[in-house]
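Asks:
Residue numbers (my numbering): 297 to 527.
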């Protein structure tokens with residue numbers, strides 16, 4: 297029996313609501329982001345640092361979705377457009393700057409971000425910045441920018457332990473009426489990065505795929521679905 301071509305994409309964005317974020321050891325960081333959504337009329341800023349899969353972009357995109365007024369600048373995704381985006385950014389409401397480490401060492405972008413920071417502070421906006429590392433460990437050449445970033449409330453995010461990720465995925469599958477066997481769970485944990493939001497989305501999409509194909513969720517079936525996406 298052939299596996300149908302299904303509209304699956306295995307680079308899912310995390311679910312973009314704060315309520316879907318599993319804090320683990322990151323509860324204080326989550327509270328800081330929630331507080332940042334409250335417009336007090338004063339400048340405020342938070343910097344989230346952590347490895348891939350720790351939830352930085354989940355929190356950033358959730359904040360954008362839930363703020364009354366927000367701008368989202370995903371610097372890594374913007375690539376060469378990061379400079380004009382930084383220069384044109386408005387400084388009202390919440391300004392979210394994702395992957396600030398992507399512009400480290402690029403002088404023009406560093407200056408543009410420094411200027412954006414100063415405008416945000418003058419206009420009493422709120423800044424949420426994400427980075428792979430804390431400011432002092434980034435290869436930023438502009439000392440004043442390092443100083444500005446270091447002045448934000450800083451949180452280092454930690455990955456959820458694997459046993460917690462597994463438990464969440466089993467619960468999610470059960471909600472959808474899926475039996476997520478140990479073999480399938482082991483395969484998902486080996487095959488995909490330990491990014492909880494993305495893994496939850498993968499389970500959701502595999503549920504759709506299994507219903508469309510009228511097949512149980514097994515490792516061979518998942519392999520065929522992945523191959524069908526590649527072709």
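Using N, Cα and C, we set each Cβ at its ideal position, and we do this for glycine too. None of these values were measured; they are calculated from a predicted model.
Keeping to the same chain, check which residues put their C-beta closer than 6 Å to that of residue 415; ignore five residues upstream and five downstream.
Replies: Here residue 415 corresponds to residue number 119 of the chain shown, with the count starting at 1. Answer for residue 415: 387, listed in chain order.
Asks: Looking at the structure shown, is residue 452 part of a helix, part of a strand, or coil, going by DSSP?
Replies: For the purposes of this step, residue 452 is taken as residue 156 along the chain shown, with counting starting at 1. DSSP, read as helix, strand or coil, puts residue 452 in strand.
Asks: Taking all protein chains shown into account, decide if residue 510 is buried (16 or more other Cβ within 10 angstroms of its Cβ) or exposed.
Replies: As a working mapping, residue 510 is identified with position 214 in the chain shown. When all chains shown are included, residue 510 counts as exposed.
Asks: Who does residue 394 pair with in a DSSP beta bridge?
Replies: Taking the chain shown and counting its residues from 1, one reaches residue 394 at position 98. Beta-bridge pairing links residue 394 to 370.
Asks: Determine the DSSP secondary structure at residue 426, reduced to helix, strand or coil.
Replies: Taking the chain shown and counting its residues from 1, one reaches residue 426 at position 130. Three-state DSSP puts residue 426 in a strand.
Asks: Apart from the five residues on each side of it in sequence, which residues of its chain come closer than 7 Å, Cβ to Cβ, to residue 324?
Replies: For the purposes of this step, residue 324 is identified with residue 28 of the chain shown, where counting begins at 1. Excluding sequence neighbours, residue 324 sits near 451.
Asks: Would you kindly check if the distance between the Cβ of residue 442 and the Cβ of residue 431 is under 8 Å?
Replies: Stepping through the chain shown from its first residue, residue 431 is reached at position 135. Stepping through the chain shown from its first residue, residue 442 is reached at position 146. Closer than 8 Å, so yes.
Asks: Can you tell me the Cα-Cα spacing of residue 327 and residue 498, whole angstroms?
Replies: The count along the chain shown starts at 1 and reaches residue 327 at position 31. The count along the chain shown starts at 1 and reaches residue 498 at position 202. When rounded, the distance between both Cα atoms is 27 Å.
Asks: Express the C-alpha separation of residue 395 and residue 462 in angstroms, rounding to a whole number.
Replies: As a position in the chain shown, residue 462 is number 166, starting the count at 1. As a position in the chain shown, residue 395 is number 99, starting the count at 1. Rounded to the nearest angstrom, the two C-alpha atoms are 27 Å apart.
Asks: So what's residue 349 in DSSP terms, helix, strand or just coil?
Replies: As a position in the chain shown, residue 349 is number 53, starting the count at 1. Here residue 349 sits in coil by DSSP.
Asks: Is residue 473 a contact residue of the ligand GDP, with contact defined as CB to any heavy atom under 7 Å?
Replies: As for the ligand GDP, it is missing from this structure, which has no ligand bound.
Asks: Give the secondary structure of residue 341 by DSSP, where H, G and I count as helix, E and B as strand, and everything else as coil.
Replies: As a first step, residue 341 must be located in the chain shown, where it is residue number 45. Reduced to three states, the DSSP call for residue 341 is strand.
Asks: Helix, strand or coil for residue 335 per DSSP?
Replies: Along the chain shown, read from residue 1 onward, the residue named residue 335 stands at position 39. DSSP places residue 335 in coil when its eight states are reduced to three.
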